[in-house]
Amino acid sequence: MNGYLDIFFRSVIFILILFLITKVVGKKQISQLTFFEYVAGITIGSIAGEAVTGLEKSWLQGAFCILIFGFVTFLTDYFSLKSKKFRDIVEGSGTVIIKEGKLLEDNLKKEKYTIDNLLTLLRQKDVFNVADVEFAVLEPQGKLSVLLKKENRPLTPKDLKMKMPNEKEPYTIIMDGKIMDDALRWSGKSRGWLYTELEKMNATLDNVFLGQVDSYGELTLDLYDDKIKVPQPQQRPLLLASLKKTQADLEIFALSTECEKSKAMYQKNATLLQETIAKLEPYLSK
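According to the working numbering, the sequence shown is numbered sequentially starting from 75.
Put into structure tokens, the structure is as follows:
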């Protein structure tokens with residue numbers, strides 16, 4: 075029993091030692107291992123494991139040591155969920171590295187990051203100029219979260235006040251040349267519809283590697299034979315073109331007629347159809 079108590083205390087002590095070493099080394103040890111740090115980490119872990127277990131004594135004691143490590147990990151996760159302070163100690167917290175386009179050198183040194191390390195992380199976020207960054211935080215896992223200045227952020231449909239359709243997950247209805255009947259049913263389609271669409275695209279079922287139904291109920295295919303070009307679905311663009319032609323025809327009728335009553339009717343309907351097109355265009359355009 076004394077041997078098991080000895081392993082218990084050694085396990086707890088070495089867990090604390092390894093934890094403190096990791097905290098001292100910093101977040102870089104987690105996110106960006108150099109060759110030397112990789113070798114050092116393996117060596118430290120091996121030394122700690124040998125020092126704790128002393129496997130030459132008994133395999134039962136080795137198993138007991140593994141259970142201790144697992145139990146301590148479980149307790150750490152449990153208390154992390156219960157306490158914010160404990161979670162900050164164990165997992166760490168984010169460190170502000172850039173604020174209002176300016177580097178916070180003291181925080182950078184505190185995390186043991188060089189300018190080269192930081193620039194590498196920024197480039198991974200497609201950011202090449204520090205001055206373009208409004209706010210950057212080095213997360214506990216060693217990843218960099220970046221908020222660009224407003225004038226440097228990509229435009230979104232919301233910025234342009236454009237209404238966009240809601241996207242739904244696509245249904246995979248063909249896989250490896252076989253029809254997935256459950257997915258086909260969930261998509262609201264039938265086998266008859268599927269065969270008709272395949273015929274329109276000049277595709278055979280056994281040549282389809284992957285087939286999906288998108289948010290608009292249209293079929294997209296990926297064929298085994300990449301040399302064959304699959305035509306893209308045209309229902310929505312054709313419907314949009316038809317609506318625009320109808321609206322243009324109404325305006326022409328309004329201009330060509332001499333009857334004021336008919337002119338007013340054509341113009342009114344042309345205006346209504348134009349408003350409808352404006353609402354539907356985000357859904358119908360590719």
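Even for Gly, the Cβ is constructed at its ideal location relative to N, Cα and C.
Legend entry - Test item: CB-CB of L192 and F209 under 8 Å: As a position in the sequence shown, residue 192 is number 118, starting the count at 1. As a position in the sequence shown, residue 209 is number 135, starting the count at 1. Taking 8 Å as the Cβ cut-off, L192 and F209 do not qualify as a contacting pair.
Inset, instruction - Figure out for me which residue from K335, T350, D296 has the closest Cα to the Cα of K318. - result: Locating residue 318 in the sequence shown gives position 244, counting from the first residue. K318 has its Cα closest to that of T350, out of K335, T350, D296.
Inset, instruction - Please work out which residues of its chain come closer than 7 Å, Cβ to Cβ, to W260, disregarding the five sequence neighbours upstream and downstream, and give them in chain order. - result: Along the sequence shown, read from residue 1 onward, the residue named residue 260 stands at position 186. The beta carbon of W260 sits closer than 7 Å to the beta carbons of Y245 from its chain, once the five residues preceding and following it are set aside; these are given in chain order.
Legend entry - Closest Cα partner of I302 within the set Y290, A277, D288: On the sequence shown, residue 302 is found 228 positions in, with the first residue counted as 1. I302 has its Cα closest to that of A277, out of Y290, A277, D288.
Inset, instruction - Work out the CA separation of D206 and Q103 for me, nearest whole Å. - result: Here the question's residue 103 lines up with position 29 in the sequence shown. Here the question's residue 206 lines up with position 132 in the sequence shown. Note that Q103 scores 49 on pLDDT, short of 50, meaning its location in the model is unreliable and no value can be drawn from it.
Inset, instruction - Report the partner residues of G285 according to the DSSP bridge assignment. - result: Locating residue 285 in the sequence shown gives position 211, counting from the first residue. Beta-bridge analysis with DSSP links G285 to I248, L295.
Inset, instruction - Please name the residue, chosen from Y340, D255, L196, that lies closest to L324 on a Cα-to-Cα basis. - result: If you number the sequence shown from 1, residue 324 lands on position 250. Nearest C-alpha to L324: Y340.
Inset, instruction - Determine the direct distance from the alpha carbon of E179 to that of L90, and round the result to whole angstroms. - result: The residue labelled residue 90 in the question sits at position 16 within the sequence shown. The residue labelled residue 179 in the question sits at position 105 within the sequence shown. L90 and E179: Cα-Cα distance of roughly 30 Å.
Legend entry - Endpoints, the beta strand (DSSP E) within which T194 is located: On the sequence shown, position 120 is the one that residue 194 refers to. Here T194 belongs to no beta strand (DSSP E); instead the alpha helix (DSSP H) covers 189-198.
Inset, instruction - Return helix, strand or coil for K237, following the three-state DSSP convention. - result: Taking the first residue of the sequence shown as position 1, residue 237 is located at position 163. Of the three classes helix, strand and coil, the one that applies to K237 here is coil, per DSSP.
Legend entry - Separation of A352 from G376, as counted between CA atoms: Because residue 376 is not part of the residues shown, which for the chain are 75 to 360, the question remains open.
Inset, instruction - Take I247 as the anchor and find which of N181, G262, E241 has the nearest alpha-carbon. - result: Your numbering for residue 247 matches position 173 in the sequence shown. Nearest to I247 by C-alpha distance, out of N181, G262, E241, is G262.
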